[in-house]
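Have a look at the structure below, then the notes.
Protein chains: 2
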Amino acid sequence: MITKLVSTQVDFQKKLSSLLAWDSVSNKQVAQTVDDIITKIRNNGDSALMDYTNTFDGTSATSMEALTIKLPALKQAFDTLNEKQKSALTIAADRVRLYHEKQKQRTWTYTEDDGTMLGQKITPLDRVGLYVPGGKAAYPSSVLMNAIPAKVAGVQDLIMVVPTPNGTSNSLVLAAAYISGVTQVFTVGGAQAIAALAYGTETIPKVDKIVGPGNIYVATAKRAVFGQVGIDMIAGPSEILIICDGKTNPDWIAMDLFSQAEHDEDAQSILLCPDADFINQVEKSIAKLLPTMDRKSIIETALTNRGALILTKDMDEAIALSNQIAPEHLELSVENPQEMLDGIQHAGAIFMGRYTCESLGDYCAGPNHVLPTSGTARFSSPLGVYDFQKKSSLIMVSDQGANTLGKIAATLADGEGLQAHAESAKYRMKK
Amino acid sequence: MITKLVSTQVDFQKKLSSLLAWDSVSNKQVAQTVDDIITKIRNNGDSALMDYTNTFDGTSATSMEALTIKLPALKQAFDTLNEKQKSALTIAADRVRLYHEKQKQRTWTYTEDDGTMLGQKITPLDRVGLYVPGGKAAYPSSVLMNAIPAKVAGVQDLIMVVPTPNGTSNSLVLAAAYISGVTQVFTVGGAQAIAALAYGTETIPKVDKIVGPGNIYVATAKRAVFGQVGIDMIAGPSEILIICDGKTNPDWIAMDLFSQAEHDEDAQSILLCPDADFINQVEKSIAKLLPTMDRKSIIETALTNRGALILTKDMDEAIALSNQIAPEHLELSVENPQEMLDGIQHAGAIFMGRYTCESLGDYCAGPNHVLPTSGTARFSSPLGVYDFQKKSSLIMVSDQGANTLGKIAATLADGEGLQAHAESAKYRMKK
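So the sequences go chain by chain: A and B. In terms of my numbering, the first sequence is residues 1333 to 1763. In terms of my numbering, the second sequence is residues 1333 to 1763.
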């Protein structure tokens, strides 16, 4: 079922490329639909938003009141959870908060000998929109992971949008919104929700940045409004890459591969291992455990279409291949993961050691589970507090500093043919 | 010539909105052209790149050799500058480097009582593409500001592309590339250069991120390849907002307004001041100084179409308006700028005090001159070292930690209906 590859095969790189290939959002039909939706929301605000929501989500709202969840309803959703769920959600939120506190950047300055002060002022964004998918992929953990870094950054207004197809809402999602400090909730979704957040309507406040996952319409809308507002990233399907030395329990590795594959049919699970026997054992564990899984059909499709067990020459080659792939999740299921860390160049999150399965990080270890996919770990980072803070350069030149710096600025401005730049600097120089 | 507004006018907010209005890149014709160019470059690589360059830049290249500038030519460009220029460029580069060193983020970790280690590993991007416009807007300072933060971050390969229309190159630009440590230079530009950097050709290496300013074709291409590679931002026209208490030399303020307006006809220069007499004096200074300017026609057009002198009720209102505008450059031409700083929420760079004209910051104070435009300072930051570093979460759970965290993860995973996530965590728990 799952593909087995050997790195020494002549066509290995070609096979690996086709395994990894993923065409990101770019569908002209979808783009046109999204453009139309954005235009209508910009022109007709709430009225267009209600029309789209009634059409796409099977609601029958005649006022925005009907598409609003008030804060007490969030608390109520939390209160109705059982104690075990309450406790798990609360501890997870606390751990995520603690970790993200360490990411908080603070204003810094330094003063030069002539009194010139330079630095950077750090401030939170004012208002952020959080998209939460509805229906089958409604994940409370995703609410925590998106909302808590924003709150830690100091964002005042956190507007959550979550579609409720045919009026169905998820109480765990609402409870997570309560515990994360979300300030307003609207039950709208799709490109219309993104447009409403980006441009504002009579009821939905215009935000500064939109974060959170969504389907192709949501992703296309986010790309379209990028620039008007900030966005987090355009996510592809989720992936895990496991590097194993062949000494972990093969059932554990099989289940870790499943835990990615169960997300959806496009999810990707890959094992890199220099031990052919172990790869066979994992294959047997997969065959043994698959029938026991609730989501076995999704897992089987994902493993068949996009999964692979890859035999490498040695651990060094496994690391090199991992860097080439730049995975979203990288599990180092080995004895001494610390020793390997220097060699790892590109990965969204690194799960170190046999005890650190990905799902611990997905829910409650502390780090964010919103991570760069499809090789974008080459240039992007996990969602973090830094995504909800912004910086302003600080420059206060002393009269003496203006004299020294003015000469340099004037010379360079003259070289660029920008006379006003040069004159403006010269005015501040001592005559 | 320049518009004068009074904040107490009934239609002031409407007038201000129309003054600030700027429609960012979104032209279907341009988008279609750019899509075609990207497709051709992806399919035909160097050959398509040479065709486009020959067509658009009036060159007659038959090999990529002809579109390559070797490193010794950069040094030669520097060596041929006069001493004053050499010194100005070197000092500016040193100051920019010193400031940006302070932005460098470092790997951090912490260990919990049960031995679980959490943190974030910080690494530089491998390879960055730097777009430098050719022709009239060829700015060596822009090379320094884009290249130096990348080098400080530790980026190994820094690929510069700069079109040389009809074979004309700018020796100051090449000298700046030399001094900033650019590693390869190709004389290509436009959407074709962006596509080549994003996807790679036989000659041009595929990069991880593309930075640098450009015209509407370059900006549209950057938006199109965003996700395939990282990009810095989609910049609008440059702007300055000056808050003055009415006690700075009005000639200085007029020249500061000019220094923005001289960039291009769409540049925006606005003064906020509670002193009507001073506004009249600045108006007189503008009239007096304009005829002396080399670029007076550009300045006049920019000031007429997009400039404004705005009388505010008081300084507090000036600050509130500044926050509403979220300017790229904010000059606080006042006695005690430090006192005002707390009130400033959104600005790309803040130039504090009468001696700190924008042009000192543009060239050599140290902070970056690549700044968020068109109100995007609400959610974005100056270009910095952080744009060339990326983060990987670190998670190493101890056996004891796996026991505690496993329960929480399993509860939350069960709540989301993700059985494999739950099982994977349970495997690591003590039986």
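Cβ coordinates follow ideal geometry from the N, Cα and C atoms, glycine included.
Under 6 Å Cβ to Cβ from A:PRO1704, same chain only, skipping five residues before and after it: list those, please.
-> In its chain, beyond the 5 residues on either side, GLY1680 and SER1712 have a beta carbon closer than 6 Å to the beta carbon of A:PRO1704.
Check whether A:PRO1456 and A:ALA1485 have beta carbons under 7 Å apart | In this structure, A:ALA1485 lies closer than 7 Å to A:PRO1456 by Cβ.
Under three-state DSSP, which class holds B:PRO1537?
-> Note: B:PRO1537 maps to coil in three-state DSSP.
Length-filtered (4 minimum) alpha helix (DSSP H) runs lying within the segment 1556-1598 of chain A = For the segment 1556-1598 of chain A, the continuous alpha helix (DSSP H) assignments of 4+ residues that do not extend past its boundaries occur at 1582-1593, in sequence order.
Own chain partners of B:VAL1357 with C-beta closer than 7 Å, once the 5 adjacent residues on each side are dropped | Per-residue confidence for B:VAL1357 stands at a pLDDT of 49, beneath the threshold of 50, marking its modelled position as unreliable; the derived number appears in the next sentence. Its chain contains ILE1548, ALA1551, THR1552, ARG1555 and ILE1566 as the residues whose beta carbon lies nearer than 7 Å to that of B:VAL1357, once the 5 sequence neighbours on both sides are disregarded; these appear in chain order.
What is the DSSP secondary structure of A:HIS1661, counted as helix, strand or coil?
-> A:HIS1661 falls in the strand class under three-state DSSP.
A:GLN1677 versus A:ASN1655: straight-line alpha-carbon distance, rounded = The C-alpha of A:ASN1655 is placed about 6 Å away from the C-alpha of A:GLN1677.
Please report the Cβ distance between B:ALA1757 and B:ALA1741, rounded to the nearest whole angstrom; I am assuming they are in contact, meaning their Cβ atoms lie under 8 Å.
-> Distance from B:ALA1757 to B:ALA1741 at the Cβ level is roughly 4 Å; contact confirmed, criterion being Cβ atoms closer than 8 Å.
Are the beta-carbon atoms of B:ARG1760 and B:GLY1738 separated by less than 7 Å?
-> Yes. Within cutoff.
With C-beta atoms as the reference, is A:GLN1516 less than 7 Å away from A:ILE1491?
-> Cβ atoms of A:GLN1516 and A:ILE1491: closer than 7 Å.
Can you tell me whether DSSP reads B:ARG1627 as helix, strand or coil?
-> Correct three-state label for B:ARG1627: coil.
Tell me A:VAL1460's beta-bridge partners as DSSP assigns them.
-> Note: A:VAL1460 sits in a beta bridge opposite A:LEU1490 and A:LYS1541.
Name, in chain order, the residues that DSSP records as bridge partners for B:CYS1605.
-> Answer is B:LEU1643, bridged to B:CYS1605.
Looking only at its own chain, which residues have a Cβ that is under 6 Å from the Cβ of B:ARG1638, when we skip the five neighbours before and after it?
-> Same-chain partners within the cutoff: GLN1600.
Hey, is the segment 1493-1502 of chain A in contact with the segment 1518-1535 of chain A, meaning 3+ C-beta pairs nearer than 8 Å?
-> A contact exists between the segment 1493-1502 of chain A and the segment 1518-1535 of chain A.
Output the boundary residues of the alpha helix (DSSP H) element that contains A:LYS1739.
-> Per DSSP, the continuous alpha helix (DSSP H) segment holding A:LYS1739 begins and ends at 1731-1747.
For A:PHE1410 versus A:TYR1510, is the C-beta spacing smaller than 7 Å?
-> In this structure, A:TYR1510 lies closer than 7 Å to A:PHE1410 by Cβ.
Name the chain B residues that come within less than 8 Å of A:CYS1696, Cβ to Cβ?
-> Neighbours of A:CYS1696 on chain B, chain order: LEU1737, ILE1740, ALA1741 and LEU1744.
With a threshold of 16 other CB atoms inside 10 Å of the CB of A:PRO1582, please say whether the residue is buried or exposed.
-> Counting Cβ neighbours within 10 Å, A:PRO1582 comes out buried, since at least 16 surround it.
Are the segment 1684-1701 of chain B and the segment 1611-1618 of chain B touching by the rule of at least three beta carbon pairs closer than 8 Å?
-> No, the segment 1684-1701 of chain B is not in contact with the segment 1611-1618 of chain B.
Quick one: does A:THR1633 have its CB under 7 Å from some CB of chain B?
-> At a cut-off of 7 Å between C-beta atoms, A:THR1633 does not count as an interface residue with respect to chain B.
B:PHE1610 (DSSP reduced to helix, strand or coil) = Helix at B:PHE1610.
Give a yes or no on whether the minimum CB-CB distance between B:ASP1626 and chain A is below 7 Å.
-> The beta-carbon of B:ASP1626 is placed less than 7 Å from the nearest beta-carbon of chain A.
Contacting positions in the segment 1374-1403 of chain A - beta carbon closer than 8 Å to chain B | Within the segment 1374-1403 of chain A, no residue qualifies.
Selected residue, minimal CA-CA separation from B:VAL1514, among B:GLY1532, B:TRP1584, B:LYS1402 and B:SER1395 = Taking B:VAL1514 as reference, the option from B:GLY1532, B:TRP1584, B:LYS1402 and B:SER1395 with the minimal CA-CA separation is B:LYS1402.
To which residues of the same chain is B:MET1477 closer than 6 Å at the C-beta, ignoring the five residues directly before and after it?
-> Closer than 6 Å at Cβ, skipping near neighbours: ASN1700, HIS1701 and VAL1702.
Could you check the C-alpha separation between A:ASN1668 and A:ALA1634 for me, to the nearest Å?
-> Taking the straight line joining both Cα atoms gives about 30 Å.
Do the segment 1539-1547 of chain B and the segment 1379-1388 of chain B make contact, defined as three or more Cβ pairs closer than 8 Å?
-> As far as the Cβ criterion goes, the segment 1539-1547 of chain B does not touch the segment 1379-1388 of chain B, which means the pair count is below three.
In whole angstroms, what is the alpha-carbon distance linking B:TRP1354 and B:ALA1709?
-> Using only the alpha carbons, I get a separation of about 15 Å.
Could you tell me which residues DSSP pairs with B:TRP1313 in its beta bridges?
-> Residue 1313 of chain B lies beyond the range of chain B shown here (1333 to 1763); nothing can be said about it.
Verify whether the separation of the beta carbon atoms of A:ILE1631 and A:PHE1590 is less than 7 Å.
-> Closer than 7 Å, so yes.
What residues in the segment 1675-1686 of chain A have a beta carbon less than 9 Å from any beta carbon of chain B?
-> Within the segment 1675-1686 of chain A, the residues whose Cβ lies closer than 9 Å to some Cβ of chain B are ILE1676, GLN1677, HIS1678, ALA1679, GLY1680, ALA1681, ILE1682, PHE1683, MET1684, GLY1685 and ARG1686, listed in chain order.
Grab me the residues of B:MET1728's own chain with a C-beta within less than 6 Å of its C-beta, minus the 5 sequence neighbours each way, in chain order.
-> Excluding sequence neighbours, B:MET1728 sits near MET1449.
When we look at the beta-carbon of B:MET1333 and count the other beta-carbons within 10 Å, is it buried (16 or more) or exposed?
-> Exposed, by the Cβ-count rule.
Expressed to the nearest angstrom, what Euclidean distance is found between the alpha-carbon atoms of B:GLN1488 and B:ALA1658?
-> Take the alpha-carbon of B:GLN1488 and the one of B:ALA1658: they are about 35 Å apart.
Might you give, ordered along the chain, the residues of its own chain that have their beta carbon closer than 7 Å to the beta carbon of A:VAL1505, omitting 5 neighbours on each side?
-> For A:VAL1505, where only same-chain residues beyond five positions count, the Cβ hits under 7 Å are VAL1464, ALA1470, PRO1472, VAL1475 and VAL1494.
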